Amino acid sequence: FLPKSRALRLRNRVVSYRDKIANAINLYGRNALEVKSALVAARPDITVVLNPLKPRRNSFEITWMDGDKEKILWTGIKKGPPRKLKFPEASVVVAALEEALKSE
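In this text, residue positions in the sequence shown follow this note's numbering: the first is 168, and each later residue adds one.
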């Protein structure tokens, strides 16, 4: 058996780790909503769909889909650390969307 103080420390570490995971998920969700609102404001005629399933760990991508065609507008998979590099500025994504629409 571990001493009670040791067990308590281990338990606190697990709780702390879970809090960090929850904060990371919230950060991805907040950034996704921010980008979504910027895209809808710039182009009200498009539909923006957020990932309905749990996202891939440490990934943030924005893909333009038109029928069978797909084009990645922005990816943060190979960016960072720091973590903030994994998320785009909304204006960068809007500009990438406008460029993708021009090239069609």
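Just so you know, even glycine gets a beta-carbon here, dropped at the ideal spot from N, CA and C. Predicted, not measured: the structure shown is a model, and the values here were computed from it.
DSSP, reduced to helix, strand and coil, places residue 217 outside both helices and strands of the structure shown, so it counts as coil.
At the C-beta level, residue 209 and residue 261 come within 8 Å of one another. Per DSSP, reduced to three states, the secondary structure at residue 256 is coil, with no helix or strand assignment. DSSP, reduced to helix, strand and coil, places residue 265 within a helical segment of the structure shown. Looking only at 241, 224, 215, 270, the smallest Cα-Cα distance to residue 255 is reached by 241.
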